[in-house]
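Each number in my numbering comes from the position in the sequence shown (counting from 1) with 231 added on. Here a beta-carbon is modelled for each residue, glycine too, at the ideal position from N, C-alpha and C. Predicted, not measured: the structure shown is a model, and the values here were computed from it. A short worksheet on the structure shown next.
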Amino acid sequence: MTEPRDHPFVAAVKPLVDAMGGELMDPALAQPDDVVLAWEGRELLAVRLPQLSDSLDHILSALERRHGVPLAQLDRKTKQDVVRILEARGAFSVRHGVETVAGALGVSRFTVYNYLNRESNPPKAAGKPTPE
Numbered sequence: 232m233t234e235p236r237d238h239p240f241v242a243a244v245k246p247l248v249d250a251m252g253g254e255l256m257d258p259a260l261a262q263p264d265d266v267v268l269a270w271e272g273r274e275l276l277a278v279r280l281p282q283l284s285d286s287l288d289h290i291l292s293a294l295e296r297r298h299g300v301p302l303a304q305l306d307r308k309t310k311q312d313v314v315r316i317l318e319a320r321g322a323f324s325v326r327h328g329v330e331t332v333a334g335a336l337g338v339s340r341f342t343v344y345n346y347l348n349r350e351s352n353p354p355k356a357a358g359k360p361t362p363e
């Protein structure tokens, strides 16, 4: 990039771009799918967004950093929480998303589907009648 990396606009958007797994670049190098951002009417930088499959890997890495251990070492409840987070972020709309997540969690695809079903069909409270 021709602009200094410490420009206030670059500093403002960098955490977001990093969180998405994107790449900042000079706007002159932008390709048609890149997003060019302007500051005070002048193109200042371009953002190359990751492919969806790369985004999933990036999200999984961020979750590992957050928990401080490989995802496969988490307890069952925490793995269920991770699956819920990933579902909210669209991880399972990516081709092979379930397989990728299952591998990262050290569980089977069947287990991931069970975690997903548990979220959509929470267990009923004991003693409460269920509508027929």
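- Query: When the distance is taken between beta carbons, is Val343 closer than 7 Å to Val332?
  - Reply: For this step, residue 332 is matched to residue 101 along the sequence shown. For this step, residue 343 is matched to residue 112 along the sequence shown. Cβ atoms of Val332 and Val343: closer than 7 Å.
- Message: Could you check whether the segment 273 to 286 touches the segment 301 to 313, counting it as contact only if at least three pairs of C-beta atoms, one from each stretch, sit closer than 8 Å?
- Response: Between the segment 273 to 286 and the segment 301 to 313 there are fewer than three C-beta pairs closer than 8 Å, too few to call the two in contact.
- Between which two residues does the beta strand (DSSP E) harbouring Leu268 extend? Counting from one through the sequence shown, the residue named residue 268 turns up at place 37. In the DSSP assignment, Leu268 falls within the beta strand (DSSP E) that extends over 266 to 270.
- Task: Answer yes if the segment 236 to 250 comes into contact with the segment 261 to 271, meaning at least three C-beta pairs across the two stretches below 8 Å, and no otherwise.
- Result: Contact holds: three or more Cβ-Cβ distances are below 8 Å.
- Note the first and the last residue of the continuous alpha helix (DSSP H) segment covering Leu336. Indexing the sequence shown from 1 puts residue 336 at position 105. Note, Leu336: alpha helix (DSSP H), 328 to 336.
- Roughly how many whole angstroms lie between the Cα atoms of Pro263 and Lys308? The residue given as residue 263 occupies position 32 in the sequence shown. The residue given as residue 308 occupies position 77 in the sequence shown. Between Pro263 and Lys308, the C-alpha separation is close to 43 Å.
- Query: Mapping DSSP to helix, strand and coil, what is Leu275?
  - Reply: As a position in the sequence shown, residue 275 is number 44, starting the count at 1. Strand.
- Taking Cβ positions, are Pro258 and Ala277 nearer each other than 7 Å? As a position in the sequence shown, residue 258 is number 27, starting the count at 1. As a position in the sequence shown, residue 277 is number 46, starting the count at 1. With contacts defined by Cβ atoms closer than 7 Å, Pro258 and Ala277 form a contacting pair.
- Enumerate in chain order the residues of its own chain whose CB-to-CB distance from Leu260 is below 7 Å, with the five nearest sequence positions on each side excluded. For the purposes of this step, residue 260 is taken as the residue at position 29 of the sequence shown. Hits under 7 Å: Ala277.
- Item | Inter-residue Cα distance where the pair is Ser364 and Arg297 | Residue 364 is absent from the model: the chain starts at 232 and stops at 363.
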